[in-house]
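**Q** In this note's numbering, the protein residues as written are 1343 to 1413.
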């Protein structure tokens, strides 16, 4: 399953909120430095979908806030 997300780094508490278009807004407390925010997004998605972190793969958007993940 492919999931389109918009990341919000440096947030107060990690959470996931869907919007009206099916995109998930993922809020993480990590800064967007050295892949720390991407790793935090993977952890948040793994908890949300109740899957291991190893099954989540970043397809596109490594340095963008608009990302596409495969679960």
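Even for Gly, the Cβ is constructed at its ideal location relative to N, Cα and C.
None of the values given here were measured: they were computed from a predicted structure.
Pull up the distance between the alpha-carbon of residue 1383 and that of residue 1361, whole angstroms please.
**A** 17 Å
**Q** Take the Cβ of residue 1370 as the centre, count every other Cβ of all protein chains shown within 10 Å, and call the residue buried at 16 or more, exposed below.
**A** buried
**Q** Identify, in the order they occur along the chain, each residue of the same chain with its Cβ nearer than 6 Å to the Cβ of residue 1390, setting aside the five sequence neighbours on each side.
**A** 1358
**Q** Could you check whether the Cβ of residue 1359 sits closer than 8 Å to any heavy atom belonging to the ligand SAM?
**A** This structure lacks the ligand SAM, and indeed carries no ligand of any kind.
**Q** Measuring alpha carbon to alpha carbon, tell me which of 1392, 1363, 1377 and 1344 ends up nearest residue 1407.
**A** 1377
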